[in-house]
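In the numbering used here, the protein residues as written are 1 to 73. Have a look at the structure below, then the notes.
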């Protein structure tokens, strides 16, 4: 798994893609104002039914916050 993460990070760097949502220029206040709504929309998406594990809205919000900051808990 670690080699996959390193490969994805290297590809992002090669393509000059931001590594986090924050690095793409989204302000923290703007992100926080929208994160709960984004998590609820993701939860209500029809594809969530095909997810093999149940993912509560709070977990989706945490994942989005991790994607914003780059700090994976």
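Glycine included, each C-beta is placed from N, C-alpha and C at the ideal position.
Exposed or buried, which one is residue i when buried takes at least 16 other CB atoms within 10 Å?
{"i": "residue 29", "result": "exposed"}
{"i": "residue 10", "result": "exposed"}
{"i": "residue 7", "result": "exposed"}
{"i": "residue 33", "result": "exposed"}
{"i": "residue 39", "result": "buried"}
Could you give the residue range of the alpha helix (DSSP H) that holds residue i?
{"i": "residue 2", "result": "2 to 14"}
{"i": "residue 38", "result": "28 to 44"}
Straight-line CA distance for residue i to residue j?
{"i": "residue 27", "j": "residue 65", "result": "12 Å"}
{"i": "residue 21", "j": "residue 63", "result": "12 Å"}
{"i": "residue 16", "j": "residue 23", "result": "11 Å"}
{"i": "residue 5", "j": "residue 60", "result": "20 Å"}
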